[in-house]
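Trainee: When we follow the numbering used here, the leftmost residue of the sequence shown carries the number 424, and every step to the right adds one.
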Amino acid sequence: MRPLTKGIFRWIHLVFGIPILGYVYSPFDQIPNYAPAVRFVFLPLLLASGLWMWKGHVVRRVMWRR
Numbered sequence: 424m425r426p427l428t429k430g431i432f433r434w435i436h437l438v439f440g441i442p443i444l445g446y447v448y449s450p451f452d453q454i455p456n457y458a459p460a461v462r463f464v465f466l467p468l469l470l471a472s473g474l475w476m477w478k479g480h481v482v483r484r485v486m487w488r489r
């Protein structure tokens, strides 16, 4: 992975992890306000960027093989 791409994915991973920390450490009565955004936006992007940084070489190899 190129250094620029690696840096971009690293920053995406860090930035989208911050709202999840707010979700975990927020008062219990405010959790319903955060829940849809965390479940459907932040967590999937966090998982996708982490998976890409971890196993991106395997994903690229499988995609280019077809």
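Even glycine gets a Cβ: it sits at the ideal position worked out from N, Cα and C.
Just so it is clear, the structure is predicted and the values come from calculations on it, not from any experiment.
In chain order, what residues of the same chain have a beta carbon less than 8 Å from the beta carbon of histidine 442, not counting five sequence neighbours either side?
Mentor: Taking the sequence shown and counting its residues from 1, one reaches residue 442 at position 19. Inspection of the sequence shows that residue 442 is occupied by proline rather than by histidine. Hits under 8 Å: Tyr457, Ala460, Val461, Phe465.
Trainee: Closer than 7 Å by C-beta to methionine 424: which residues in its own chain qualify, once you throw out the five before and the five after it? Chain order, please.
Mentor: The residue given as residue 424 occupies position 1 in the sequence shown. Same-chain partners within the cutoff: Gly479.
Trainee: Comparing alpha-carbon positions, which option in Pro450, Ser472, Trp487, Gln453 lies nearest phenylalanine 439?
Mentor: Here residue 439 refers to the residue found at position 16 of the sequence shown. Taking only the C-alpha atoms, the option nearest phenylalanine 439 is Ser472.
Trainee: Using 8 Å as the threshold, is the C-beta distance between phenylalanine 432 and tryptophan 475 below it?
Mentor: Residue numbering aside, residue 432 sits at position 9 when the sequence shown is read from its first letter. Residue numbering aside, residue 475 sits at position 52 when the sequence shown is read from its first letter. In this structure, tryptophan 475 lies closer than 8 Å to phenylalanine 432 by Cβ.
Trainee: If I'm right that tyrosine 448 touches isoleucine 454 with Cβ under 8 Å, what's the distance once you round it to whole angstroms?
Mentor: Position 25 of the sequence shown holds residue 448. Position 31 of the sequence shown holds residue 454. About 10 Å; that fails the 8 Å criterion.
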